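Numbering (my numbering), first residue to last: 334 to 486.
Down below is the structure, laid out as structure tokens.
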């Protein structure tokens, strides 16, 4: 199924999204990079890293959730007005398989954009030996925040 085609509300959505991502210390801590940005769709990639694992050597579920939340958040952010910032107001994650891989890819896709509330879905994949495996899905609800001095794009 092809993701829906959306028109961004801000012509500089790509640069704006990349600049915001660059300011996010959590993603730097995970070693995550912004692999692709398109209207309503963002991909974040990160390598396996021992400090981010749980007791069995899998990427910790909290790390998967963190990166997937950011992928969904930035997917929604690409469609928000220039003056808006984004905050997650709810998410649910389904962990489908252990996060075992050399690298991980988190894809956030907007399902329904809105002026204030946006609904997204996320898919997390483990990449190993040229194979890709779906390890988690997420349903995510975002809020466009406008007019708060301490919350900027």
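Where is the CB? At the ideal position from N, CA and C, for every residue including glycine.
Since the model is a prediction, treat every value here as computed from it, not as a measurement.
| field | Rounded distance between the beta-carbons of residue 460 and residue 436, thought under 8 Å | value | Start at 1 with the first residue of the chain shown, and residue 436 comes out as number 103. Start at 1 with the first residue of the chain shown, and residue 460 comes out as number 127. Rounded, the Cβ-Cβ distance is 4 Å, consistent with contact.
| task | Decide if the segment 404 to 419 is in contact with the segment 348 to 363; the criterion is three or more beta carbon pairs, one per stretch, under 8 Å apart. | result | Flag = yes, the segment 404 to 419 and the segment 348 to 363 touch.
| query | Can you pull the DSSP bridge partners for residue 439? | reply | Within the chain shown, the letter at position 106 stands for residue 439. Paired residues: 377, 457.
| field | Distance between residue 393 and residue 387 (C-alpha atoms, nearest Å) | value | By 1-based counting over the chain shown, the position of residue 387 is 54. By 1-based counting over the chain shown, the position of residue 393 is 60. Rounded to the nearest angstrom, the two C-alpha atoms are 5 Å apart.
| field | Residues near residue 357 in its chain [Cβ-Cβ closer than 8 Å; skip 5 each side] | value | Locating residue 357 in the chain shown gives position 24, counting from the first residue. Closer than 8 Å at Cβ, skipping near neighbours: 403.
| query | How would you write the range of the beta strand (DSSP E) that residue 467 sits in, first residue to last? | reply | Looking up residue 467 in the chain shown gives position 134. Counting along the chain, the beta strand (DSSP E) containing residue 467 begins and ends at 464 to 478.
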